[in-house]
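A short write-up of the structure that comes next.
Numbering (this note's numbering), first residue to last: 570 to 703.
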C-alpha cells in the first residue's frame, strides 16, 4: 500500500512554502497516489490551529494538525492514510503501481520457486542419506 504525507513544520514558514514544489515533483512520478497534508509541531503553539492553510484544500488533500511530540492526531492521520491507501490500491490506474504489483508478484513467484527448489533438494538429500544407510 502506498500513500504520501506532505508534512510541514508549523514553526517554519519556509516548509509550508515548499509544499507546492514537493507536490509538483511527486505528481510527475506518481500522479494518483493518495497524499495527506499535515502541519506538525502544533504543541509549540496551539493557536496555529486557528489559522487557515489553503494549500491542502486547493489540491484536494485532507489536512491534519499534528504533534509528533505529544501524539496529537497522529493515530487519526495514519488510520486515514491507510484507508486512502487501501482504496487507492483497489482502484489504482497508476502505471507505477501496476509495475510495483508485477514486481511484487515476480518476487513472490521467485521466492516460492526458490523455496520449492530448496525443499526438493533437502528431500532428495534426506532420501539419499536414508538409502545409503540401509
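For each residue, glycine too, the CB sits at the ideal point set by N, CA and C.
Remember, it's a predicted structure, so these values are computed and weren't measured experimentally.
Asked	Found
Which residue comes first and which comes last in the beta strand (DSSP E) that contains residue 633?	632-634
Pick from 609, 637, 622, 613: whose alpha carbon is nearest that of residue 589?	622
Assign residue 635 to buried or exposed, taking buried as 16 or more other Cβ atoms, counted over all protein chains shown, within 10 Å of its Cβ.	buried
Near residue 607, which residues of its chain fall below 8 Å by C-beta distance, leaving aside the five closest residues on each side in sequence?	574, 575, 576, 577, 632, 633, 634, 635, 642, 646
Give a yes or no on whether the C-beta atoms belonging to residue 605 and residue 649 are separated by under 8 Å.	yes
Restricting to Cα atoms, I'd like to know which of 595, 658, 612 is closest to residue 628.	595
With DSSP run on the structure shown, which of helix, strand or coil describes residue 609?	strand
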